[in-house]
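Everything on this sheet refers to the single structure shown next.
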Amino acid sequence: MGGTGIPRLNELTYVETAALAVEAGKTFEEIRLAIVDRAARHAQENDSIGAYEAGKWERLRANKQKYVNNTVDVLKELMRLGWMERHVLPSTKRSAWAHSDATFTLTSAGREWTALMNRRPLDGFNALAGALIETHPQFEGFLRVVGARPDSVSSHFTIPLMRPEESARRDDAGYLADFAAHTVERVHEEDLGWSASPEAIGEALRTYVERAVRRAETRPPKESGKPTAPTPGLSRKRLSALCEEAAVRLAFTAAGCPMDYISHELLRRWTRFLGLANFSYYTPGPPALRLWATAEVTGRGASTEFARRVGARERTATMEALPRIWYAEDGPAAQEIYRPVWRIRAATCWERRISDTEFDAALTAAVRGEMPRLGFQIHLDEASHVRAPASTKPLVLPTRPGRPRIYHVMRVYDVDTREGVATP
Numbered sequence: 015m016g017g018t019g020i021p022r023l024n025e026l027t028y029v030e031t032a033a034l035a036v037e038a039g040k041t042f043e044e045i046r047l048a049i050v051d052r053a054a055r056h057a058q059e060n061d062s063i064g065a066y067e068a069g070k071w072e073r074l075r076a077n078k079q080k081y082v083n084n085t086v087d088v089l090k091e092l093m094r095l096g097w098m099e100r101h102v103l104p105s106t107k108r109s110a111w112a113h114s115d116a117t118f119t120l121t122s123a124g125r126e127w128t129a130l131m132n133r134r135p136l137d138g139f140n141a142l143a144g145a146l147i148e149t150h151p152q153f154e155g156f157l158r159v160v161g162a163r164p165d166s167v168s169s170h171f172t173i174p175l176m177r178p179e180e181s182a183r184r185d186d187a188g189y190l191a192d193f194a195a196h197t198v199e200r201v202h203e204e205d206l207g208w209s210a211s212p213e214a215i216g217e218a219l220r221t222y223v224e225r226a227v228r229r230a231e232t233r234p235p236k237e238s239g240k241p242t243a244p245t246p247g248l249s250r251k252r253l254s255a256l257c258e259e260a261a262v263r264l265a266f267t268a269a270g271c272p273m274d275y276i277s278h279e280l281l282r283r284w285t286r287f288l289g290l291a292n293f294s295y296y297t298p299g300p301p302a303l304r305l306w307a308t309a310e311v312t313g314r315g316a317s318t319e320f321a322r323r324v325g326a327r328e329r330t331a332t333m334e335a336l337p338r339i340w341y342a343e344d345g346p347a348a349q350e351i352y353r354p355v356w357r358i359r360a361a362t363c364w365e366r367r368i369s370d371t372e373f374d375a376a377l378t379a380a381v382r383g384e385m386p387r388l389g390f391q392i393h394l395d396e397a398s399h400v401r402a403p404a405s406t407k408p409l410v411l412p413t414r415p416g417r418p419r420i421y422h423v424m425r426v427y428d429v430d431t432r433e434g435v436a437t438p
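Going by our numbering, the first residue of the sequence shown is number 15, and it counts up by one from there.
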């Protein structure tokens with residue numbers, strides 16, 4: 015069963031949704047609808063700017079070719095995990111109509127897992143994580159690389175990046191050379207959790223970018239039959255993104271866990287959801303994508319054990335470190351009274367090696383007065399003077415009437431000031 019690549023599942027909750035639907039005897043089309051509904055709930059729960067559009071999700075439900083691939087991928091994963099009996103699935107979204115009435119059967123192990131999910135969801139997702147470790151070597155490799163496994167050699171994994179404006183050269187080759195030189199310098203000067211020779215770094219970055227450009231230039235016409243427009247020169251933003259993809263692939267390969275960029279994106283998303291690892295582009299220091307373990311994970315399969323850095327003691331220690339981290343925040347925000355919550359969260363989680371969820375829980379307890387002896391106070395504000403990047407999220411706290419309030423900035427100040435705490 016091992017050796018398979020990472021399935022293209024944006025959310026691990028799709029596994030739960032599909033397994034429960036299979037157990038209930040639902041057809042392929044009904045499982046597709048359940049996956050769409052789960053994705054819609056996720057979008058609504060994470061909408062902090064009012065962008066959720068119910069009509070969009072109704073259109074996705076009505077179009078029987080949408081989310082077919084997601085449904086096929088999650089059913090394949092259930093079979094890989096040994097939780098669903100083998101069954102033929104649609105080979106393309108256009109052929110889904112021929113399988114719309116198909117039903118599926120869970121194995122005894124699959125039924126045991128759904129029963130566990132119904133009783134104790136945390137234990138159910140722990141069991142899923144153990145099964146993923148046993149089934150997918152890349153999943154275990156990712157945990158090892160970021161510092162979560164007993165044989166990890168570092169507590170973190172850092173991939174140096176470079177802001178587009180840091181290169182004064184306007185041509186693509188010049189920018190690529192500057193990015194490679196920057197990476198070589200960082201590898202030489204810092205403990206990144208991986209290493210490679212200057213020659214290997216230059217070759218890996220150049221080869222990846224050149225191949226991506228050639229693929230774009232030879233991309234076939236769209237299914238509509240309309241000819242594609244001539245491929246323009248790479249924008250600096252696109253070239254920077256390709257360099258990041260190349261650097262990620264290089265770093266994981268150098269660390270002994272080769273994987274493509276999409277697999278890495280999925281794994282960092284999964285492990286954040288499971289409370290096993292975290293990542294950020296906005297921790298203090300030179301530009302980089304930093305990933306770190308938020309738990310110790312031992313064993314595999316049913317014998318997997320998890321020791322997450324969570325709980326009252328961790329939250330108290332996190333808040334005790336907050337003033338120092340808040341005052342150390344540099345850049346333009348340091349000249350303001352308030353700092354962006356997402357920057358303070360990134361810096362604190364990186365230092366404490368904790369998850370975003372644990373930071374938010376600690377901050378929530380502090381502003382509600384559940385940590386009265388901290389020696390400082392916190393003021394949260396809903397004003398958004400700094401736009402949060404796409405990979406971050408604002409702080410969302412429920413209020414007493416039950417409606418959530420969204421906070422973008424925060425201030426830390428001494429207890430002897432007269433300003434009061436904004437308490438949800």
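Using N, Cα and C, we set each Cβ at its ideal position, and we do this for glycine too.
Q: Return the Cβ separation of G144 and T318 in integer angstroms, given the expectation that the two are a contact with Cβ distance under 8 Å.
A: 3 Å
Q: Kindly indicate which three-state DSSP category A54 falls into: helix, strand or coil?
A: helix
Q | Own chain residues within Cβ distance below 6 Å of T197, not counting five before or after | A | P174, I215
**Q.** T41 versus S114 - alpha carbon distance
**A.** 6 Å
Q: Assess, as a yes-or-no matter, whether the segment 293 to 307 is touched by the segment 358 to 374 under the definition of 3 or more beta carbon pairs within less than 8 Å.
A: yes
Q) Which residues in the same chain as K78 place their Cβ atom closer than 8 Å to its Cβ, once the five residues preceding and following it in sequence are excluded? A) E43, R46, A110, W111, S114
Q. Whose C-beta lies closer than 7 Å to the C-beta of A376 among residues of the same chain, with five residues either side of it excluded?
A. R329, T332, M333
Q) What is the DSSP secondary structure of H170, counted as helix, strand or coil? A) strand
**Q.** Span separating the alpha-carbon of P408 from that of T371
**A.** 12 Å
Q: Would you mind reading off the limits of the beta strand (DSSP E) that contains S294?
A: 291 to 294
Q. Helix or strand or just coil, what does DSSP make of I358?
A. helix
Q. Buried or exposed: T106, going by 16 or more other Cβ atoms within 10 Å of its Cβ?
A. exposed
Q | Pair within 7 Å by beta-carbon distance, V423 and P354 | A | yes
Q: State buried or exposed for S254, treating a residue as buried only when at least 16 other CB atoms are found within 10 Å of its CB.
A: buried
Q: Assign F287 to one of three DSSP states: helix, strand, or coil.
A: helix
**Q.** Per-residue burial, P104 [other beta carbons within 10 Å of its own, 16 or more giving buried]
**A.** buried
Q | Rounded C-alpha distance that separates Y222 from G389 | A | 52 Å
Q: Below 8 Å on the Cβ atoms is my guess for A32 versus V88; work out the distance and round it to an integer in Å.
A: 4 Å
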